[in-house]
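Residues in the sequence shown are numbered consecutively from 0, following numbering that gives the first Met the number 0.
Backbone N, C-alpha and C define an ideal beta-carbon position, used for all residues, glycine too.
See structure below.
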Amino acid sequence: MGAEDDDEPPSKRVKVSSGQLVDISDGTFVRDPASCSLGDSMARPLTLQGDDEVVGTKGVVKKVEFVRIITEALDSLGYKKTRALLEEESGIPLHTSVINLFMQQILDGKWDESLNTLRKIGLVDEKIVKLASFVILEQKFFELLHKEKVMDALKTLRGEISPLCINNDRVHQLSFVIISPSQQVLPGISGQGIVRVKSRRKLLEELQRLLPPTVIVPEKRLVHLVEQALDLQLDACRFHNSVVGEMSLLTDHHCGIDHIPSLTVQVKLDGSVCMKHKFLGHKTSVSYISWSPDDHQLLTCGEEDTVIRWDVESGKCIHIYEKKNVGFISCGWAPDGKRIFCGVTDKSITMWDLEGKELECWKGHRTIRISDLGITSDGKHVVSVCKENMIVLFGWESKVERVIQEDQAITSFVLSMDSKYVLVSLSNQEIHLWNIEGTVKLVAKYKGHKRSRFVVRSCFGGLHQAFIASGSEDSQVFIWHRGSGELVGTLAGHSGTVNCVSWNPRNPHMLASASDDGTIRIWGYNRVNTKQHDTDNGVNYCNGRS
0 MGAEDDDEPP SKRVKVSSGQ LVDISDGTFV RDPASCSLGD SMARPLTLQG DDEVVGTKGV
60 VKKVEFVRII TEALDSLGYK KTRALLEEES GIPLHTSVIN LFMQQILDGK WDESLNTLRK
120 IGLVDEKIVK LASFVILEQK FFELLHKEKV MDALKTLRGE ISPLCINNDR VHQLSFVIIS
180 PSQQVLPGIS GQGIVRVKSR RKLLEELQRL LPPTVIVPEK RLVHLVEQAL DLQLDACRFH
240 NSVVGEMSLL TDHHCGIDHI PSLTVQVKLD GSVCMKHKFL GHKTSVSYIS WSPDDHQLLT
300 CGEEDTVIRW DVESGKCIHI YEKKNVGFIS CGWAPDGKRI FCGVTDKSIT MWDLEGKELE
360 CWKGHRTIRI SDLGITSDGK HVVSVCKENM IVLFGWESKV ERVIQEDQAI TSFVLSMDSK
420 YVLVSLSNQE IHLWNIEGTV KLVAKYKGHK RSRFVVRSCF GGLHQAFIAS GSEDSQVFIW
480 HRGSGELVGT LAGHSGTVNC VSWNPRNPHM LASASDDGTI RIWGYNRVNT KQHDTDNGVN
540 YCNGRS
């Protein structure tokens, strides 16, 4: 009953539901943690002399397990001879002879023999035996169909797969393949990917994930442990602000404070700064700006005034958004760049197309006169301050609302780039970090900056937005490590209240701060003298003057 030695059979395509047990295309048949437990007690572990021996100073690393994962690493890297030498010298095999036989039978397509060997492995949990048997027999079923042995495939389905009583929906799908072999999709299932017969090596990888690690060492286990150790070092490093590729396995990871922007630097490569455009057109002071997703356009909002859309390259006014008898207090872009959202003085939020047509208006206490508005990266939620101490997360499609309730007055907030967190600045000189993914919960607090009279804004920044920055009324910029809440630096240089900070989303080493001293500082690694070029152009008016 074994199939021919064919490691990569051509594809047979069927369509399956995403919720089924097996995805033949990528070998993701995995155990369901809710339906069965896969602890080490499910299999009799490899028993060797000296099993209790440990290595290392902590006394927690078992020598047998340590050698086995090294052996697996050598094997996965292709060092077969070195693997064999290690097994011979240590006396510790990677797998038992039964497991080696089982794996070879899978690669050879000896399905009946592999099922018999599976029973000899020593698996205690019968559920795992059935799940593994299902995977093997399904591969047998599809390979028989590929060879046009339809009756043999039907016999396998009825006599071997069905009696396992595993995933009846999947068994029905396999039955339909028998009935309509010329059709490549299953009825009643739409929007799912086309599925192909997996190779036998993919089948083996799937079985390795399914069986307990005491039986088969997980693939690339050593690499996984090393990556975990590096992640822990990164989490422990308060100044990490560089790409992971710069890490070395030869030394423990540690970054110095020089990885955090700390010196005023130039903007252009020649050490100079210059004004590109001046946008003129608002009747009141500009209270809010928002860059388009592609950075080609800019929204500006006057204080209880209109919203104007500008072309960044030319500096020309593209469109003015206004609403009768009310003014705007905030603005933001939908992720697709085709719609904009505006907070209105009547406490509503409106959505517009680019040409100025109002598409939606959500009335009620949706916003107050705080110039902050956030739109999640999926474009489905609008975030705004709806009361003095409350932020609303409004699902404009689902009409579902969630709230962030603070004890103190909210002065400003900002949404993280991944839309999982909201950073809230409060009147009591605290900044709170809220996780809004799923259940809303407070996860961190940041303290140390000064705020008593003015609006002082904060922001996410650095590599993977691992830092929090804020202005302060003592003329400094404060930087905290987001995960630990530790204050990692203060930047001195301004001579007035620092009311706004912004971290470059593309360059983790560049931070900008704006102050009441009338200056904007760019912070980075190197101190370079900057000078401003005098220009008599770049001034643009929304009413057509230039």
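Check, Outcome
"For S512: DSSP bridge partner residues", "V500 and R520"
"P162 burial status per 10 Å Cβ neighbour count (16 or more: buried)", "exposed"
"Proximity to A443 [Cα-Cα], best of V423, L210 and D234", "V423"
"C-beta neighbour in chain B for V128, strict 8 Å", "The structure shown has no chain B; it contains just one protein chain."
"Nearest neighbour of V285, chosen from I120, S291 and E303 [CA to CA]", "E303"
"Cut-off 7 Å between Cβ atoms - residues of its own chain near L486, not counting five sequence neighbours on either side", "G447, F477 and W479"
"Assigned exposure category for L76 - 16 Cβ within 10 Å defines buried", "exposed"
"DSSP state of R450 mapped onto helix, strand, coil", "coil"
"Coarse secondary structure for I319, derived from DSSP in three states", "strand"
"Where Q428 sits in the DSSP three-state scheme", "coil"
"N- and C-terminal bounds of the alpha helix (DSSP H) containing M150", "V149 to T155"
"Span separating the alpha-carbon of R118 from that of I98", "11 Å"
"Within 8 Å, strictly: CB atoms of L425 and Q407", "yes"
"Rounded straight-line distance, which links the Cα of H145 to that of Q183", "Here Q183 scores only 41 on pLDDT, less than 50, and its place in the model should not be relied on; the value that follows carries that caveat. Straight-line Cα distance between these residues: approximately 13 Å."
"Span of the alpha helix (DSSP H), counted from its first residue to its last, around I177", "N167 to I178"
"Segment contact, 8 Å Cβ cut-off, at least three pairs: the region 327 to 334 with the region 374 to 384", "yes"
"Any beta strand (DSSP E) of 3 or more consecutive residues that is wholly inside the region 98 to 157", "none"
"Outcome for G363 when other beta-carbon atoms lying within 10 angstroms are tallied against a minimum of 16", "exposed"
"Short Cβ contact (8 Å threshold) for I177 with V170", "no"
"Residue range of the unbroken beta strand (DSSP E) whose run includes T81", "Not the beta strand (DSSP E): T81 falls in the alpha helix (DSSP H), residues K79 to S89."
"Distance between Q464 and Y420 (C-alpha atoms, nearest Å)", "11 Å"
"Where D257 sits in the DSSP three-state scheme", "helix"
"Strand pairing of T489, partner residues [DSSP]", "F477"
"DSSP three-state assignment for T70, whether helix, strand or coil", "helix"
"Length of the line joining the Cα atoms of R520 and E205", "55 Å"
"Inter-residue Cα distance where the pair is F459 and K386", "23 Å"
"Run of the beta strand (DSSP E) containing V306, from where it starts to where it stops", "V306 to D310"
"Proximity of H318 and G378 at Cβ, strictly below 8 Å", "no"
"For Q404, three-class secondary structure by DSSP", "strand"
"Which of helix, strand or coil DSSP assigns to S415", "coil"
"Same chain only: Cβ atoms within 6 Å of P507, ignoring 5 sequence neighbours per side", "N240, G461 and L462"
"Inter-stretch contact at 8 Å, needing at least 3 Cβ pairs: the region 249 to 264 / the region 293 to 301", "no"
"Minimum C-alpha distance to L143 - residue among F133, V134 and K154", "K154"
"K386, enclosing beta strand (DSSP E) - first and last residue", "H380 to K386"
"Burial state of G394 (16 or more Cβ within 10 Å)", "exposed"
"Closest residue to V384 among I328, I288 and E321 (Cα-Cα distance)", "I328"
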